[in-house]
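Trainee: Sharing a structure, written as structure tokens. Questions coming.
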Amino acid sequence: MLISSGLAKGFWAEAASTTAYLINMSPSSSIGFKTPQELWTGEPPNLEHLGVLGCAAYAHQSEGKLEPRAVKCMMLGYPEGVKGYRLWVLGVQGIKIINSRNVVFNESEMPCLKQKIEETNKSETEKSIQTEVKLTRLNSPTPGNDENEPIHHENEIEIEIEIEIETEIEIETELEEVTELQDNIEPVEVEHFNDQPPNQDYQLTRDRGRRQIRPNPRYESLNLTDFALVSGEALEQIEPASYEEAVNGKCSENWLKAMQEEMKSLMENKTWKLVNKLKDHRIV
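Numbering (the UniProt record's numbering), first residue to last: 1 to 284.
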């Protein structure tokens, strides 16, 4: 399963868990060609949700209206105790594994297997051809010897040299192309704009100076004395906390008048009903 999916050996736990999951959903001759899940739950398993380990998967996400609707992942199996799929998010730094239920699979694409094939093709393309060249070093003839006299090769040395020739680079062809391009280049006349006389009427614009900020005159009369008077007036208008404080305070007449108006309004609207106080009842 790891080989067919192209996953590394470090994912052996995911492969083992997926294998056990598939065995529980596969029929066996030892149990009457039934599945272990059918014997456990009493119902045949649903196989429509099964996917291929290591295939490309697109998990739905809703991070924002301008973000992609799905993120590309790779299937790693099925999470334990949760409905959905265990996915490895691709294109992010490090390893990010998520669980998702809303997933669309592309079982014809194996991301890890595809990456291995591309790396293999790249390494084969970059291989160099090794060629063995034999060189022979000869002694120079001594003066006075006849030209027709054969030369004795006393110090013949065979040297094997490995020359690496890149299959994709042809130096001679590139040099010929550069030479042809240089021959076809025609001189072009260039106009020198620096010879024109400078414009004497040009004026450099300057930034406008920063204006002076002045305080609003309406706030000049404010001071700490005014603040203290306003605060003292607010403290004097504190509402009483009880009936006794309202009746015995400075504004007792106003409070009594307000109470009478409130009682009159309640009676007219029949908000409350006056009854005798009962012993075991709480009455407002």
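From the three backbone atoms N, C-alpha and C, an ideal C-beta is built for every residue, glycine too.
Looking at C-beta atoms only, is the number of pairs between the segment 77-88 and the segment 9-23 that lie closer than 8 Å three or more?
Mentor: Touching, yes, given that three or more Cβ pairs across the two stretches are closer than 8 Å.
Trainee: Counting C-beta neighbours from all protein chains within 10 Å, is the total for residue 193 16 or more, i.e. buried, or is it exposed?
Mentor: For residue 193, the predicted structure reports a pLDDT of 49, less than 50, and the residue's modelled location is therefore unreliable. A value from the coordinates is still provided. Answer is exposed; the Cβ neighbour count stays below 16.
Trainee: Enumerate in chain order the residues of its own chain whose CB-to-CB distance from residue 107 is below 6 Å, with the five nearest sequence positions on each side excluded.
Mentor: 52, 55
Trainee: Between which two residues does the alpha helix (DSSP H) harbouring residue 267 extend?
Mentor: It spans 252-268 - the alpha helix (DSSP H) in which residue 267 sits, taken as one unbroken run.
Trainee: Under the rule that 16 or more other beta-carbon atoms within 10 Å means buried, what is residue 76, buried or exposed?
Mentor: buried
Trainee: Does the Cβ of residue 71 have 16 or more other Cβ atoms within 10 Å, making it buried, or fewer, making it exposed?
Mentor: buried
Trainee: Per DSSP, what kind of secondary structure is residue 116 in: helix, strand or coil?
Mentor: helix
Trainee: Which stretch, first to last residue, makes up the beta strand (DSSP E) that contains residue 108?
Mentor: No beta strand (DSSP E) contains residue 108, which DSSP labels as neither H nor E.
Trainee: Measure how close the beta-carbons of residue 92 and residue 59 come, nearest whole angstrom, since I'm counting them as under 8 Å.
Mentor: The Cβ separation is near 13 Å, so there is no contact.
Trainee: Can you grab the Cα-Cα spacing for the pair residue 215 / residue 265, in whole Å?
Mentor: 52 Å
Trainee: Less than 8 Å separating the beta-carbons of residue 31 and residue 22?
Mentor: no
Trainee: Please confirm whether residue 297 and residue 6 have their CB atoms less than 8 Å apart.
Mentor: The requested residue 297 is not part of the displayed model; the chain covers only 1 to 284.
Trainee: Give me the residue from 271, 270, 243, 269 with the minimum Cα distance to residue 258.
Mentor: 243
Trainee: Classify residue 35 as buried or exposed, calling it buried when 16 or more other Cβ atoms lie within 10 Å of its own Cβ.
Mentor: buried
Trainee: Please report the distance separating the alpha-carbon of residue 274 from that of residue 250.
Mentor: 31 Å
Trainee: Looking only at its chain, what residues have a beta carbon closer than 8 Å to the beta carbon of residue 99, apart from the 5 residues adjacent to it on each side?
Mentor: 79, 82, 84, 85, 86, 87, listed in sequence order.
Trainee: Nearest to residue 240 by CA position, among 255, 50, 118, is which residue?
Mentor: Considering only alpha carbons, the answer is 255.
Trainee: Strictly by DSSP, which residues pair up with residue 86?
Mentor: 77, 99
Trainee: Whole angstroms are fine: how far does the CA of residue 96 sit from the CA of residue 12?
Mentor: 17 Å
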